[in-house]
Every structure is written in C-alpha cells, then in structure tokens.
Amino acid sequence: MYRPGVLTCYIGLLAGAATGNFSAAVITRSANTNPHYDIMDTGSALIQAATTAIDAEDVTAACLPTMNMLRVLNLRDQALKALEPETGGASVEEGEGEEDQEELTKSNTAADIAKLLAGTAAETCEKGATADAKTHTGLVISFEFSATFDCGSLIQGHFSTGLSHIQESNFDPATGTYDTGKAPFDNLSASNVANIMWSKSTKASCAVTKNCKAGHNVLYCRFVEPITSKDKPFTTELYEALLQRQAGSSSIALPSIAITFFCAALLLLS
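Take 1 as the starting number for the sequence shown in full-length UniProt numbering and just add one per residue.
Shown next, in the form of structure tokens:
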C-alpha cells in the first residue's frame, strides 16, 4: 500500500513534467503559427534576394589613349613614354608562359579593386562617393550611377582640376613627395595627376563598375611599377611643362577621333 506522501510526490512530478512538456509545446506551436515570425523570415529572405554583387568590366582600351595623350602631348622634351596595356583576359591562352600568367593575374585586380572601392552591393554602391587612392595606389574616379561613362572626359577633367590644385598648394617638385595623407595629394584629383605622370610606370589596366543602381560607380586604373609614398611625382622640368601646357589652353580635351589619330601615330613611331 502506497503512502499518501509518496503518492502525492509522484503525482507532483508527473504533473510538473506534463506542464513542462505542455509549455514547450505551446512555445513551439506559438513560434510555428505566429505570423510575426513568418514576416521576419520573409523580410530577411527578400533582403538577401535583393542584394546584387557589384560587377566591373575592363576599359583599358577606352582609357589608355587619354592617359598617353596627357603623358606625351605638348610637353616638348619632357614627354614621357606612352603606357602599354597590361596583359589580361579571362584565361591564359595555350603557349603563354609563367610571366604572361603573372601579368594576367595582376590585370584582373583592376576590376576587383574597382568593385571594392564602390561598396558591397549594386543596390547602394555606398562607398563609391568617398573612394580614394590611399589603400590602393592608382587612378581613382567616382561618378554618379546615372551618369554616362566617358573615360576620356573623366580623366581629363580630373587632370585639369588636380594640376590646378597642386599649383595652388605651392607644391615644390624638387622636394615634394607623393603622400596621400598630406596636401596636395590628399586631394583625389591631384593624386590622379601624380599617378598618370609617374615616369617609371610602364603599363596600366583599367576597370569600371557597371551595375550600380544608386550611389557612385568607380573607375580604377592600376599601374605596373606604380608611384610610392617616397617618390617625387615630377621633375621640376616636367612640372613646369605641365603648367605651361595648361596655361596655354583652357582645356586639352580632344574629340575621340583626334585621340584615335594620336594613338595611331604613337604606334607608327614605336
């Protein structure tokens, strides 16, 4: 015969277990049926579905003629050697050696860096407006997502603005170095001038983001043998030639057909 106290204890334990299971069942049932959970899950799924990766395309052929024009045209005996396109593509062709493969890998980084500078998603391209050359040395130009991409106009506009900024800062080419943390090269346009006119650069590759739905797209050009923070961007003679050229014309902009003839002449002379 069971003692009443023991029986009461068993009943209490069973009731507690049943209550615990019932509570768990209620919580589980509530989570499964509560419409707010469905709304949150659906919202998260929509956000994930709406995020599009930023894409970029190679625009070396469109940008190199303008940069070479700036390095060569009307600089007399201070003209620099024209930049060559950095080898690149989607794959290495049969017969290409290790050096070609190395250059191929390097050229692909122009697109990667352009995407990094623009942001994390094509819906916002939230970093594009403040993109600079402090982390990735090279030419950097941002422009509104709705604007038509014209590499020649973008580069020429930045070059003219940048050179004026350098001149106004009383820059001394004999002592001044390329320091993006200090004036004048903390200004992006001025930084672009230094990158374009760096005499030791031999090749370049350019890429631009192409699917930003808001914010700013980014043009990025990578140079082989780029300028460093310890380098002096120009000789005194080259700097004076640049200022004289700019003073002689409000703009050195040329129509695309003129740039084409200029590049053809360079090819014939090389």
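Yeah, the Cβ is synthetic: ideal placement off N, Cα and C, and Gly gets one too.
Quick caveat, the model's predicted, so the values are computed rather than measured.
Taking the alpha helix (DSSP H) that residue i falls in, what are its first and last residues?
| i | result |
| --- | --- |
| N68 | 60-72 |
| L83 | That residue, L83, is in no alpha helix (DSSP H); it is neither H nor E in DSSP. |
| L238 | 236-247 |
| I166 | 151-168 |
| A190 | 188-196 |
Please list, in chain order, all residues of the same chain as residue i whose beta carbon is under 6 Å from its beta carbon, the five residues on each side excluded.
| i | result |
| --- | --- |
| T137 | P226 |
| N187 | H165 |
| residue 290 | Look at the range of the chain in this structure, 1 to 270, and you will see that residue 290 is not part of it. |
| Q246 | L163 |
| A62 | C151 |
| T202 | V224, E225 |
| T124 | A214, G215 |
| L80 | R71, S199 |
| V193 | F159, G162, L163 |
| K134 | T180 |
Taking 7 Å as the limit between beta carbons, can you name the residues of its chain near residue i, skipping five residues before and five after?
| i | result |
| --- | --- |
| A190 | G162, H165, I166, P184 |
Name the DSSP bridge partner or partners of residue i?
| i | result |
| --- | --- |
| L139 | C221 |
| D131 | It is worth fixing the name first, because residue 131 is Ala in this sequence and not Asp. A131 pairs with nothing; no bridge assigned. |
| E57 | V208 |
| E144 | H216 |
Only counting the same chain, and skipping five residues up and downstream in sequence, which positions put a Cβ closer than 8 Å to that of residue i?
| i | result |
| --- | --- |
| A129 | S142, G215, H216 |
How far does the beta strand (DSSP E) with residue i in it extend, from its first residue to its last?
| i | result |
| --- | --- |
| T209 | 203-209 |
Using the Cβ count rule (16 or more neighbours within 10 Å means buried), how would you classify residue i?
| i | result |
| --- | --- |
| G248 | exposed |
| S146 | exposed |
| R76 | exposed |
| T60 | buried |
Check whether the Cβ of residue i lies closer than 8 Å to any Cβ atom in chain D.
| i | result |
| --- | --- |
| G157 | Of the protein chains in this structure there is only one, and it is not chain D. |
| said: Taking contact to mean 3 or more Cβ pairs, one atom from each stretch, closer than 8 Å, check whether the stretch 69-78 and the stretch 214-223 are in contact. | reply: In short, these stretches do not touch, since the Cβ pair count stays below three.
| Segment contact flag, the stretch 227-243 with the stretch 174-181, C-beta cutoff 8 Å, min 3 pairs | yes
| said: With a threshold of 8 Å, are at least 3 pairs of Cβ atoms found where one atom belongs to the stretch 201-212 and the other to the stretch 52-67? | reply: yes
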